[in-house]
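Undergrad:
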Amino acid sequence: MDVQTQSGLMSLPSELMSSIASFLSDSDLTNLCHVSKCWNDIATRDLWQEMGIVVTGNSIEMIRNARKLTLDIGQMTAHPGPAQIRKLHLFPETEAPRNNQAQVTTAVLSALTPNKLIQFSLLAADADCLGLLARKQKRLEHLSMRYCCQFWPSSFVETLSFPSLKKLCLYKTHAPTHELSEGRNNVGVIIQNASNLTCLQYTCLPDQRERSGLENALRHRYEGSTHSPLRLQSLMLSGQDLSIDTLLETITSNVELCWIRTLYLRCCPYAHKFLAILSRENKLLLKTFVFAQHNANTLPTSTLTTFLQSFSGLEHLCIDLNGDQPLPAIEDFGNHAATLVTLIVNRRYRRYDRPAYSLSEIAHLCALLSQLQRLAIQIPALKCPTKPGDDFISQAGMTEFLKAVTTLPSLNTLRITNMPCLYRGVRSSVDVAGFPQCADQYLETLESLATQCFKYLLQTQKNSKVDQLFFSPLTCISVWCSPRDCIHPAGCNCTSRKIYPQGYRRRVLPGGIDCAVVFAEPFRLPRHDDAPGEPEPDPHFLPISDDEGFSRYYHEWVDGESSSL
């Protein structure tokens with residue numbers, strides 16, 4: 011077969027054509043739509059299988075990889091693209107009239123192919139939207155909802171059935187002060203009808219912590235039913251007050267703890283109470299544990315030590331604490347030394363010279379956890395620069411750190427988490443005229459440091475697998491000045507400028523080894539009024555700033571969903 015001719019290209023098996031299309035960019039797929047009807051069908055399917063939609067007053071904006079397509083309601087039903095959507099993210103525009111929003115949202119859902127959608131995310135869910143979704147999309151596997159009330163009329167809630175649902179994410183859902191006498195807990199019914207549910211992610215509003223929506227949902231699930239406890243593989247809680255005894259009792263009685271493989275606790279007051287219950291679970295088989303940002307006054311010193319020593323077999327561990335909160339000792343990781351492949355340890359200080367562990371402790375950690383493949387940790391050799399010419403990297407300390415790292419034979423990704431940033435406060439030490447010089451020196455030093463790290467690793471460990479090195483938080487270097495002192499181009503009247511370092515650099519080291527050096531920028535989850543398809547910073551090592559942001563940061567790195575790892 012001669013595939014170089016048009017006829018040869020047209021006669022390829024459909025499976026091979028689909029495989030070819032999967033490697034093409036959006037622009038290539040768009041061009042492919044004009045080749046033939048067969049190629050148009052394949053390219054349209056790939057272009058439209060995942061889509062973000064912003065619902066406006068009388069039209070929609072469909073966004074994918076920052077490419078926008080605006081359609082009115084009539085065009086929506088006639089366009090062939092929406093019928094191919096399998097993953098849909100819906101963002102209603104808050105300023106648009108609610109009636110118009112509902113009309114457009116209904117048009118979007120009506121244009122979808124029945125039982126084809128597998129993932130759906132929406133903001134401000136209402137009964138009509140979810141009702142239509144439940145009737146038409148019985149194969150939905152992943153449902154995310156934001157800002158919706160947990161109590162709706164009983165006649166409607168009975169229709170909420172997603173039998174194929176595997177993952178339910180609830181962001182800031184709220185329960186009314188007094189439960190509706192005629193209402194049912196919609197979340198509880200969704201969970202009740204989802205026999206295949208394996209992942210539950212719940213983010214609690216600060217003012218809802220005393221009226222636990224999670225407790226209400228789990229309790230309503232079992233009212234008048236004979237359902238067995240949930241066999242969740244992943245339980246992810248953010249902002250949930252775990253001091254409520256009735257909530258803890260509801261969780262332990264309605265969830266089989268021995269089935270949980272991923273536990274995520276972020277900003278949960280009194281989380282030590284829940285960890286104490288888990289520590290007494292004899293059959294705990296956790297593989298992933300994420301414990302991030304907890305208030306010091308609710309975390310007893312022995313909490314993490316007791317928990318980590320109560321079981322074995324962890325593969326991925328992330329601990330991110332604030333201030334002087336107690337980190338586990340290196341010996342506390344001993345039960346997991348044979349299995350741990352990912353370790354993220356971070357303790358946030360205002361000062362850069364107070365890292366989580368000392369150099370000797372890091373050396374001990376590397377000797378103990380010989381199976382590590384990904385390590386994110388602070389270096390005790392750094393200090394914040396305050397003026398041009400400052401030496402903020404200790405050569406001796408960096409060498410000692412690298413010596414410890416090279417003892418890890420399987421390490422392939424290293425993240426240095428406490429790289430200093432220049433920010434507005436630096437102005438008290440550096441005159442405005444000195445900022446550009448300081449910024450240039452900062453970036454040059456980082457690039458030099460990256461090269462030094464790779465060269466050292468290659469020289470001391472010929473078989474080193476480290477091919478990605480990350481520095482964060484390297485956000486941007488802000489130069490603040492008054493308009494009269496502005497160092498922008500002529501005519502600019504801004505009060506500040508930002509110098510963004512190049513986010514991605516490649517170096518070919520001796521021996522032809524191609525190494526990637528990534529300077530991580532902060533992640534900011536798009537709000538509902540942002541364009542959801544705009545390019546975002548590198549997701550591998552992102553500051554833990556919000557529940558969705560951290561969840562995405564963690565899973566794209568640990569679960570290997572990103573193509574870069």
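To get this note's numbering, take the position in the sequence shown, counting from 1, and add 10. Just so it is clear, CB atoms sit at the ideal spot from N, CA and C, and this is done for glycine as well.
Name the DSSP beta bridge partners of D330, please?
TA: D330 pairs with A302 and N356.
Undergrad: Do L353 and L385 have their C-beta atoms closer together than 8 Å?
TA: Taking 8 Å as the Cβ cut-off, L353 and L385 qualify as a contacting pair.
Undergrad: Counting only runs of 4+ residues fully inside the region 245-303, write out the alpha helix (DSSP H) ranges in chain order.
TA: Taking only runs of at least 4 residues, the alpha helix (DSSP H) segments lying wholly in the region 245-303 are 255-264 and 281-289.
Undergrad: Can you list, in chain order, the residues of its chain with a C-beta nearer than 8 Å to that of L150? Leave out the 5 residues immediately preceding and following it.
TA: Cβ neighbours of L150 beyond the five flanking positions: L127, I128, Q129, F130, L143, F172, S174 and L175.
Undergrad: Contact defined as beta carbons within less than 8 Å: I believe H326 pairs with K283. What is the distance between those atoms, to the nearest angstrom?
TA: In fact, because the Cβ distance is near 24 Å, the residues do not count as touching under 8 Å.
Undergrad: Helix, strand or coil for G62, going by three-state DSSP, please let me know.
TA: Here G62 sits in strand by DSSP.
Undergrad: Which class does S131 belong to by DSSP, given the choice of helix, strand or coil?
TA: Residue state, collapsed to three classes: strand.
Undergrad: Expressed to the nearest angstrom, what Euclidean distance is found between the alpha-carbon atoms of S253 and A286?
TA: Cα to Cα, S253 sits roughly 12 Å from A286.
Undergrad: For P336, which residues of its own chain have a beta-carbon under 6 Å away from its beta-carbon, when the five flanking residues on both sides are left out?
TA: Contacts found: T311.
Undergrad: Using a Cβ-Cβ cut-off of 8 Å, state whether H346 counts as contacting chain D.
TA: Absent here is chain D; the protein component of the structure consists of one chain.
Undergrad: Would you list the one or two residues that DSSP bridges to C209?
TA: DSSP, once it has assigned bridges, lists K177 and S244 as partnering C209.
Undergrad: Looking at the unbroken alpha helix (DSSP H) that takes in I200, where does it start and where does it end?
TA: Start and end: N196 to N203.
Undergrad: Going by DSSP, what residue range makes up the alpha helix (DSSP H) through T313?
TA: It spans T313 to Q319 - the alpha helix (DSSP H) in which T313 sits, taken as one unbroken run.
Undergrad: From the DSSP secondary-structure annotation, give me the bridge partner or partners of V386.
TA: A small correction: the amino acid at residue 386 is Ala; Val does not occupy that position in the sequence shown. In the DSSP output, where bridge partners are listed per residue, A386 has I354 and R425.
Undergrad: Kindly indicate which three-state DSSP category R229 falls into: helix, strand or coil?
TA: Of the three classes helix, strand and coil, the one that applies to R229 here is helix, per DSSP.
Undergrad: Skipping 5 residues on each side, what residues in its chain have a beta carbon closer than 8 Å to that of S368?
TA: Cβ neighbours of S368 beyond the five flanking positions: P390.
Undergrad: Less than 8 Å between the C-beta atoms of S580 and S322, yes or no?
TA: Outside the modelled stretch of the chain, which goes from 11 to 575, sits residue 580, for which no answer is possible.
Undergrad: On the DSSP bridge list, what partners appear for S154?
TA: S131 and C179.
Undergrad: Check K148 in the structure and name its three-state DSSP category.
TA: Coil at K148, not helix or strand.
Undergrad: Who does K97 pair with in a DSSP beta bridge?
TA: According to DSSP, which records beta bridges pairwise, K97 is partnered with E60 and Q129.
Undergrad: Which class does P92 belong to by DSSP, given the choice of helix, strand or coil?
TA: In the structure shown, P92 sits in a helix (DSSP, three-state: H, G or I).
Undergrad: Which residue wins for smallest C-alpha separation from N50, given the options I63, N226, M27 and T416?
TA: The shortest Cα separation from N50 among I63, N226, M27 and T416 belongs to M27.
Undergrad: Can you tell which of V118, I95 and S380 has the C-alpha that lies nearest to the C-alpha of L418?
TA: Nearest option by C-alpha distance: S380.
Undergrad: Alpha carbon to alpha carbon, what distance is there between R241 and A414?
TA: Their backbone Cα atoms lie some 41 Å apart in a straight line.
Undergrad: Give the DSSP-derived three-state secondary structure of C43 in the structure shown.
TA: DSSP places C43 in coil when its eight states are reduced to three.
Undergrad: State the Cα-Cα distance for the pair V45 and P124, rounded to the nearest angstrom.
TA: The straight-line gap from Cα to Cα measures roughly 28 Å.
Undergrad: With DSSP run on the structure shown, which of helix, strand or coil describes F172?
TA: F172: coil per DSSP, three-state reduction.
Undergrad: Inspect the beta-carbon positions of C653 and A302 and report whether they are closer than 8 Å.
TA: Outside the shown range of the chain, which is 11 to 575, sits residue 653, and nothing can be said about it.
Undergrad: Could you check how far apart the C-beta atoms of S244 and T208 are, in whole angstroms? I think they sit under 8 Å.
TA: Indeed they touch by this definition, with Cβ atoms about 7 Å apart.
Undergrad: Near L178, what residues of its chain come up, given a Cβ to Cβ distance below 6 Å and the 5 sequence neighbours on each side ignored?
TA: Around L178: L153 and L210.
Undergrad: What is the DSSP secondary structure of G223, counted as helix, strand or coil?
TA: It is helical.
Undergrad: Using the three-state DSSP reduction, which class does S238 fall into: helix, strand or coil?
TA: Residue state, collapsed to three classes: coil.
Undergrad: Which residue's Cα is closest to the Cα of A339: R358, T316 and T349?
TA: When only C-alpha atoms are compared, the closest one is T316.
Undergrad: So I95 and Q59 are supposed to be a Cβ contact under 8 Å. How far apart are they, rounded?
TA: Rounded, the Cβ-Cβ distance is 7 Å, consistent with contact.
Undergrad: My output table needs one value for C463: the three-state DSSP class, helix, strand or coil.
TA: Three-state result, C463: helix.
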